[in-house]
Every structure is written in structure tokens, then in C-alpha cells.
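Heads up: the structure comes next, in C-alpha cells.
See the structure below:
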């Protein structure tokens, strides 16, 4: 048997394309003392991976040329010489874009596919769900009756943000691309409104959807969407800055014209990285797991079949072609 892997072949200077990846087959890994082997069932594809492809200072180490692309997976332990992980355990493990990976346990957690579906541990009960939970509760600090707006509302993070805001008694307004995604956000997820940013005037649409202004904005995209929101925020509003996907391929797209609003409205804006809050992961995952198990937190997945299709799925993710959480099924 061979281990199929996707390597970073070149660093993009703009949009990502297939030439930036290389698919190879390598020898199967073996577990050394204190190590175990994970066979990945699902690979998670996330916008943050675009930043890891650059040779630039960031909050995390860059992906190295010629090495396996970074990423989280869920799968099963197939070989173990580690006292805390046994063959047959299901785990969430950051082994990257490959079928099999070796681990010493760092960043690995056991999961129970009998409680929620295995794939959910990469979405609603994984990093995206925890990102939504921490960003909203710790940095947005919503109060009942307030208006919470979230961009990329049909995505893995945004969809959870709006549902959690509704549970706190807030008015939840999403921003998404396309009528189908907006209909899903309102009719399936229970948001009060959703704005299709592709349909025209975002400023007037926000005014109509947020008649009392905006108290909390969960920002996943930056750029013109952030500018439009800054024109509608209330005094002492809070902005949780989670992602800037509109500028990942073109940083110039992130220019903010309405910067004066930060002063006029005394906005509290905070960029956050979910890994800075490891002390909150356990309570967040426990809460999210129960909500998904009970059917109170809904999610949607787009699943590509086969590791060889991971590059195309990732390129589609950056272009907004996915619906909900983007995964690659390996088993």
C-alpha cells in the first residue's frame, strides 16, 4: 500500500490554481515509540489555509514547499505505540492533506461518532464551531434584543454564529452570496434576514434588514462588506474580526473607507484567532456537541470525493462555490 499526499508545490502570488499543488504517493508511515498512525476519513478545507501558502509573517507557521499541505482531519487510529491512543480510537488530528499520518498526540482529541456524525467534528463540533462560539461570546458579547450581523453566513462559521445569536435572543442578519444560500440561512437556519451581497446595493439592504442599526458584527470577509457595515453600526458596537477572505488573493481589496466610524461610534473591534483561546475549547465543544446532538444547531456540508480532488475543492472554497462546510471524503 501507498500513502497518497498533496504537497505545496509553489507559492501563489494571486489566485490559487492547480499548479500550486502536487499529488504524490509515498511509503506508508510507521509508528515509532510514543506515536500512532491515523487513517483520515475526512479532510477539512478552510480559508486560513490560503494564508499558510504565503511566505509571510502570520499568526501560525507557513506551509513549507514540498511538504504536505496543512489541515485538520478526522479518522481512525490504525497502529499505535502511544499509551493514550489505541487502535480503533476515532480522533480529530491535524495530519494534513494525506490519507495516513503519524502523530505523537499534539493537537489530537478523541471523538465519538456515536454522539454526532464523524464529519461534524471538523465543522459545527470542531474548529469552525468553536470559532463561532468564542468570537460571538467573548468578543461580540451580544445581549438579548441586539442585532447581530455575520458575513459568509451560510459557511461553517457564519451559520453557527447566527444560530447561536438567535439562542441569545438577538436579531440575526446574515450576508451571503446568492439567493439559494440566503434562502437556506433564513428558512433552514432561522436567521431573521439574509442579504445577497451579489444582488446590488449592500448599503440599502443593510438599512432595511437592520432598522435599529447593528450592535455586533462578526466579520469573515473584510473589504466592501465591512465598509458597508461600518455605515450602519450603533454607538459602542462590537466587531469580531475572524477572517478577511475578500483580500486573501488581493490584499488591496481590504481597504476601509469608513474608518472614521471606529471613532464616531466608539467601536470595539478585535481580531482573534481561535487557537489563542485553548482554555475555552472544552466548554465550547461540550456545548456545541449537545446542540448538534439535540438537533438545535444545524449545519450543511459540501463533500468532495477523493484526495485528488482536494485542490479543486479548495480553489472553489476560496471562490465561494461551497455550501456550508467544505470537506474531502477519503474513506
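Numbering (this note's numbering), first residue to last: -19 to 311. Glycine included, every Cβ here is placed at the ideal spot set by N, Cα and C. Treat the numbers as computed from the prediction; the structure is a model and nothing was measured.
Just measuring C-alpha positions, the residue of 38, 210, 79, 34 sitting nearest residue 246 is 210.
Contact between the region 80 to 96 and the region 10 to 21 is present: three or more C-beta pairs spanning the two stretches fall below 8 Å. Looking at the DSSP output, residue 1 shares a beta bridge with -12. Following the DSSP letters along the chain, one finds residue 81 inside the beta strand (DSSP E) bounded by residues 80 to 83. Inside the region 276 to 308, DSSP marks whole alpha helix (DSSP H) runs of 4 or more residues at positions 290 to 298, from first to last along the chain. Distances from the CA of residue 2 to each of 194, 284, -16, 12 were compared; the closest alpha carbon is that of -16.
Here residue 220 carries a strand assignment [DSSP, helix/strand/coil].
Assignment of residue 184 by DSSP, reduced to helix, strand and coil, places it in the helix class. With a contact defined as Cβ atoms closer than 8 Å, residue 95 and residue 273 qualify at about 6 Å. Here residue 135 is buried. Its C-beta has 16 or more other C-beta atoms within 10 Å. Between the region 142 to 152 and the region 108 to 116, the count of Cβ pairs shorter than 8 Å is three or higher; the stretches touch. In the three-state scheme derived from DSSP, where H, G and I count as helix and E and B as strand, residue 48 is classed as strand. Residues 223, 225 of the same chain have their beta carbon placed closer than 6 Å to that of residue 27, with the five preceding and five following residues left out of the count.
Rounded to whole angstroms, residue 291 and residue -2 show a C-alpha spacing of 6 Å. Measuring C-alpha to C-alpha distances from residue 204 to each of 215, 181, 216, 192 identifies 181 as the nearest. Annotated three-state conformation of residue 24 is strand, per DSSP. In this structure, the straight-line span from the alpha carbon of residue 73 to that of residue 187 is close to 43 Å.
Nearest to residue 157 by alpha-carbon distance, out of 299, 250, 70, is 299. The region 248 to 259 makes no contact with the region 57 to 70; the number of CB pairs closer than 8 Å stays below 3. DSSP places residue 198 in the uninterrupted beta strand (DSSP E) bounded by 194 to 199.
Shown here, residue 131 sits in a strand according to DSSP, grouped into three states.
Taking C-beta separations shorter than 6 Å and ignoring five residues to either side along the sequence, the partners of residue 93 in its chain run 70, following chain order.
C-alpha of residue 242 to C-alpha of residue 52: approximately 35 Å in a straight line. Looking at the DSSP output, residue 59 bridges to 17.
When the Cα atoms are used, residue 14 and residue 48 turn out to be separated by approximately 22 Å. Between residue 149 and residue 124, the C-beta spacing is below 8 Å. For residue 274, the secondary structure class from DSSP, reduced to helix, strand or coil, is coil.
Looking at the DSSP output, residue 73 shares a beta bridge with 53. Residue 297 is classed as buried because its beta carbon has at least 16 other beta carbons within 10 Å across all chains shown. Nearest C-alpha to residue 230 among 34, -13, 106: 34.
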